[in-house]
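A.B. asks: There's a structure below that I have some questions on.
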Amino acid sequence: SPSNSSSSFCSESRECLQFDLLCRTDEYEVRRSSCLKWCYASIITSLEPMKRVSEFLNCPKCVCVCAGVRFEMTAPVLVEVPEEVKMWEPAIYTLSFLLPSAYQEHPPTPTNDKVRLYFSDMPDMDVYVRSYGGWMLSITSRLHAHLLSRALLRAHAHFNHTHHYTVGYDSPLKLLNRHNEVWYVVEGDPVCGEEHTPDTH
């Protein structure tokens, strides 16, 4: 089972994504997460995609309303961002909400909705992670994705270049000590530089 969790920066949600921390450098971490079921919503927008996340939340309790099912907000929320899209161009973004453990084995049947929502497994995955604070906006997300990709290229690491994930752990109501991340999916063996080797045991 995962030996490291996001509990240190996942303070608002009862259930947070668990992961194994494989290694860490000064510029990024490598994490491994297990196959889990998520709720997905595909949207087309030229506006700030993270603002659309609030459409699925019923705050102040921040209950997620996904495919007709209401559950306490889990963390993190993922936004899959196409890599080649310019800042204000319309694009397809995929929002992902982690299903609580009570629904993992037997997810509910999705209901019709204005937005296409569906449940699916996200397979076992290794990701390169860069963390940052403040509000999760497209311009800051793209900056940190750029910095992460440059660090990975310097390390000769292989990763999926077609998209990255913008990752948020906090509700819209939290003003201070916010924690955000950008992820690139590892391709091949993860790389942590000459002084760091992944712990695969």
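For the sequence shown, counting from 1, position 15 maps to 47 in the working numbering; every step adds exactly one. Yeah, the Cβ is synthetic: ideal placement off N, Cα and C, and Gly gets one too. The model shown is predicted, which means the values in this text are computed figures rather than measured ones.
Using DSSP's beta-bridge definition, name the partner residues of residue 149.
C.D. replies: Position 117 of the sequence shown, counted from the first residue, corresponds to residue 149. DSSP lists 73 as the beta-bridge partner residues of residue 149.
A.B. asks: According to DSSP, what are the bridge partners of residue 157?
C.D. replies: Walking along the sequence shown from the start, residue 157 turns up at place 125. Answer is 65, bridged to residue 157.
A.B. asks: Inspect the beta-carbon positions of residue 205 and residue 108 and report whether they are closer than 8 Å.
C.D. replies: Taking the sequence shown and counting its residues from 1, the one referred to as residue 205 is at position 173. Taking the sequence shown and counting its residues from 1, the one referred to as residue 108 is at position 76. Cβ distance not < 8 Å, so residue 205 and residue 108 don't count as in contact.
A.B. asks: Going by C-alpha to C-alpha distance, which of 151, 196, 214, 189 sits closest to residue 70?
C.D. replies: If you number the sequence shown from 1, residue 70 lands on position 38. Ranking 151, 196, 214, 189 by Cα distance to residue 70 puts 151 first.
A.B. asks: Leaving out the 5 sequence neighbours to the left and right, which residues in its chain are closer than 8 Å to residue 47 when beta-carbon positions are compared?
C.D. replies: By one-based count along the sequence shown, residue 47 stands at place 15. Cβ neighbours of residue 47 beyond the five flanking positions: 104, 106, 107, 130, 132, 133.
A.B. asks: Under the DSSP definition of a beta bridge, which residues are partnered with residue 215?
C.D. replies: Counted from its first residue, the sequence shown places residue 215 at position 183. Residue 215 is bridged to 161, 197.
A.B. asks: Below 8 Å, can you find three or more Cβ-Cβ pairs linking the region 116-129 to the region 59-68?
C.D. replies: no
A.B. asks: Please report the straight-line C-alpha distance between residue 164 and residue 137, rounded to a whole angstrom.
C.D. replies: Residue mapping note: residue 164 aligns to position 132 of the sequence shown, counting from 1. Residue mapping note: residue 137 aligns to position 105 of the sequence shown, counting from 1. Their backbone Cα atoms lie some 33 Å apart in a straight line.
A.B. asks: By a C-beta neighbour count over all protein chains shown, 10 Å radius and 16 as the cutoff for buried, is residue 61 buried or exposed?
C.D. replies: Residue mapping note: residue 61 aligns to position 29 of the sequence shown, counting from 1. Buried, since its Cβ has 16 or more Cβ neighbours within 10 Å.
A.B. asks: Just checking my contact of residue 223 with residue 192 at CB under 8 Å: how many whole Å lie between their CB atoms?
C.D. replies: Sequence index remark: in the sequence shown, residue 223 carries index 191 (1-based). Sequence index remark: in the sequence shown, residue 192 carries index 160 (1-based). Contact flag wrong, Cβ pair sits at about 14 Å.
A.B. asks: State the Cα-Cα distance for the pair residue 76 and residue 114, rounded to the nearest angstrom.
C.D. replies: Here residue 76 corresponds to residue number 44 of the sequence shown, with the count starting at 1. Here residue 114 corresponds to residue number 82 of the sequence shown, with the count starting at 1. So the two alpha carbons sit approximately 12 Å from each other.
A.B. asks: Alpha carbons only, please: which of 112, 175, 201 is nearest the one belonging to residue 154?
C.D. replies: Start at 1 with the first residue of the sequence shown, and residue 154 comes out as number 122. Out of 112, 175, 201, 112 has the C-alpha closest to the C-alpha of residue 154.
A.B. asks: Going straight from the alpha carbon of residue 180 to that of residue 149, what length do you get?
C.D. replies: Stepping through the sequence shown from its first residue, residue 180 is reached at position 148. Stepping through the sequence shown from its first residue, residue 149 is reached at position 117. Taking the straight line joining both Cα atoms gives about 30 Å.
A.B. asks: Taking C-beta to C-beta, are residue 166 and residue 102 nearer than 8 Å?
C.D. replies: On the sequence shown, residue 166 is found 134 positions in, with the first residue counted as 1. On the sequence shown, residue 102 is found 70 positions in, with the first residue counted as 1. No, the pair does not count as a contact, with Cβ atoms beyond the cut-off.
A.B. asks: Within 10 angstroms of the Cβ of residue 221, are there 16 or more other Cβ atoms? Answer buried if so, exposed if not.
C.D. replies: Residue numbering aside, residue 221 sits at position 189 when the sequence shown is read from its first letter. Classification for residue 221: exposed.
A.B. asks: For the beta strand (DSSP E) that residue 128 lies in, which residues bound it at each end?
C.D. replies: Here residue 128 is taken as the residue at index 96 of the sequence shown, counted from 1. Here the beta strand (DSSP E) through residue 128 covers 123-130.
A.B. asks: Check the C-beta distance from residue 162 over to residue 213 and give it rounded, since I have them as a contact under 8 Å.
C.D. replies: As a position in the sequence shown, residue 162 is number 130, starting the count at 1. As a position in the sequence shown, residue 213 is number 181, starting the count at 1. Indeed they touch by this definition, with Cβ atoms about 7 Å apart.
A.B. asks: How far does the beta strand (DSSP E) with residue 110 in it extend, from its first residue to its last?
C.D. replies: Walking along the sequence shown from the start, residue 110 turns up at place 78. Its beta strand (DSSP E) spans residues 109-114.
A.B. asks: Please state whether DSSP places residue 56 in a helix, a strand or coil.
C.D. replies: Mapped onto the sequence shown, residue 56 falls at position 24. Taken through DSSP and simplified to helix, strand or coil, residue 56 comes out as strand.
A.B. asks: Let me check understanding here. Comparing Cα to Cα, which of 198, 45, 40 lies closest to residue 170?
C.D. replies: Looking up residue 170 in the sequence shown gives position 138. Nearest C-alpha to residue 170: 198.
A.B. asks: Work out the CA separation of residue 139 and residue 128 for me, nearest whole Å.
C.D. replies: Position 96 of the sequence shown, counted from the first residue, corresponds to residue 128. Position 107 of the sequence shown, counted from the first residue, corresponds to residue 139. It is roughly 15 Å from the alpha-carbon of residue 128 to the alpha-carbon of residue 139.
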